[in-house]
Amino acid sequence: MNPETIAAQAAHQPDPATGAVAPPIYLSTTFERDPDGDYSRGFVYSRSDNPNRHSLENLLALLEGGDSGEAVAAAFASGSAAAGAVFQALAPGDHIIAPDDCYHGIAHLLRQVFAPWGLRTSFVDMTDADNVRHAVQPNTRMIWVETPSNPQLKITDIAKMASIAQSAGALCVCDNTWGTPVLQRPLALGADMVVHSTTKYLGGHEDVTGGAVVSAADTDLFQRIRLIQNLHGAVPSPFDCWLTLRGIRTLHVRMPAHCANAGRIARFLHDHPNVAAVHYPGLPDHPGHAVAAGQMADFGGMLSFQVAGGKDAAMRVAANVRLFVRATSLGGTQSLIEHRASIEGPDSATPDDLLRVSVGLEHPDDLIADLAHALD
Ligand code: PLP
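First residue of the sequence shown: 177, per my numbering; consecutive thereafter.
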């Protein structure tokens, strides 16, 4: 079956008891045992599993893993909790290679939580695979990929990273939050696991926080992630899962519209005299354009640009938009604009003239008129 069909129906059958077409929200925290003490209906306690979470995990495994049916997924209360569970499934003393440009929260998690715990991380520019090869150490257990990267839209060749990981006896894990399974399927390119902040495009409406890990197979490491999910309990509520499932029903319709709008805005910015640089992999002069064209179905709804005149000029552009909302996060229906360096904090490596844009589903002419006004 095609992924559009699976997503539109959220892999859901009408409720056999009532015929309800939309799934009910199962608020029950606990589930009845059989007279013999068994749990033949599969659910015990909502932290361990819940029908809404079960449906969400099943759908994510299908969308990222495809037809093989071997992929498995675990849903978390946020993308950061999902990433944290992956790191914690490793052992103190293990080494990770991570991108020099990635979501700053993940970099902080590695530096501030997992470094003291004993995990060693080398942050490298993954746009050149040789940098990654040279960073491999005897104890390297994971190559963490984020492509396109947040916020500079660097493109990493996922298949190359998977192959380097395999030769090193390590795992390749890809944060596919910006790509979504509609645009990019890391497991099909050889990655072992995918991580999502479902807060973004999968939820899609700026109203639910969540995360997920999808593994190509039910490995020992994935079982450890399940254990952490259950014992730490950073799980999404039934309503969170329900909202995320509801968002995914329209994912395949929303993503092409995000991409088309972002492409038009990128071209507009590219030709604007007050813009010093545009970072969007769909532009033919983007250094990662060819790799992105090879591994993505389209170039995504995220872009960033640097304003001529430096930080103050960038802040003025952000101050003068009327339609874009000045806010963090991404992947929803409304377009957002953000001065990244100031939210990332003093150790940010992001240029301070850079604005990140999450292109929403408004009419592109209106968005371009708003940017034109703010830039002029
Ligand atoms: N990964 C990427 C690429 C992100 O952009 C974000 C958040 O912006 C996260 C992970 C973290 O997700 P969450 O905010 O749901 O914890």
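The beta-carbon is built from N, C-alpha and C at its ideal position, and this holds for glycine as well. Since we're looking at a predicted model, the values are computed, not measured.
As a beta-bridge residue in DSSP terms, S480 pairs with H455, R532.
In the DSSP assignment, F444 falls within the alpha helix (DSSP H) that extends over 427-446.
V312: not part of any beta strand (DSSP E); DSSP gives it neither H nor E. Proximity of the beta carbon of G255 to the ligand PLP is indicated: a heavy atom of the ligand is located closer than 6 Å. In the three-state reduction of the DSSP assignment, H188 falls in the coil class. Short of 6 Å from the beta carbon of M302, and not among the five residues preceding or following it, lie these beta carbons of its own chain, in chain order: P275, V308, T332.
Under the DSSP assignment, G486 falls in the alpha helix (DSSP H) whose first and last residues are 486-496.
Segment contact: the stretch 210-227 against the stretch 354-364, fewer than three CB-CB distances shorter than 8 Å; contact not assigned. Contact check between the stretch 503-516 and the stretch 375-385: three or more CB pairs, one atom from each, fall below 8 Å, which counts as touching. Annotation: the continuous beta strand (DSSP E) that includes M369 extends over 369-373. Between the beta-carbon of T395 and that of H372 there is about 18 Å, and that puts the pair past the 8 Å contact cut. A311 and Q342 have their C-alpha atoms roughly 14 Å apart. Sequence-distant partners of A265 (beyond 5 residues in either direction) whose C-beta falls short of 7 Å from its own C-beta, in its chain, are L397, R400, I401, I404. Placement of the Cβ of Y377 at a distance of 6 Å or more from every heavy atom of the ligand PLP is found. Comparing alpha-carbon positions, the option among P540, D542, G477 lying closest to R532 turns out to be G477. Taking 6 Å as the cut-off, one finds at least one heavy atom of the ligand PLP near enough to the beta carbon of N326. Between the stretch 221-236 and the stretch 408-417 there are three or more C-beta pairs closer than 8 Å, enough to call the two in contact. With contacts defined by Cβ atoms closer than 7 Å, D529 and A490 form a contacting pair. For W418, the secondary structure class from DSSP, reduced to helix, strand or coil, is helix. When C-alpha distances from H230 are compared across S339, R317, A249, the shortest belongs to A249. DSSP assignment within the stretch 315-365 yields the following whole alpha helix (DSSP H) runs of 4 residues or more, N-terminal first: 334-344, 356-359. The DSSP-derived three-state label of H284 is helix. Measuring C-alpha to C-alpha distances from A545 to each of S505, L499, Q328, S524 identifies L499 as the nearest. In the structure shown, the three-state DSSP call for L499 is coil.
Around the C-beta of I519, fewer than 16 other C-beta atoms lie within 10 Å, and the residue is accordingly described as exposed. Secondary structure at H539: coil, using DSSP grouped into helix, strand and coil.
In this structure, S256 sits near G281, with a CB-CB distance shorter than 7 Å. Comparing C-alpha distances from C348 to each of P357, K330, E322, L359 shows the shortest one belongs to E322. Using a Cβ distance threshold of 7 Å, G387 and F252 count as a contacting pair. Distances from the CB of G345 to the heavy atoms of the ligand PLP are all 6 Å or more. Just so you know, the alpha carbons of M318 and A346 end up roughly 5 Å apart.
Taking C-beta separations shorter than 6 Å and ignoring five residues to either side along the sequence, the partners of K376 in its chain run T353, L506, G507, following chain order. For F252, the uninterrupted beta strand (DSSP E) segment begins and ends at 248-252. Relative to the ligand PLP, the beta carbon of T181 is positioned no closer than 6 Å to any heavy atom.
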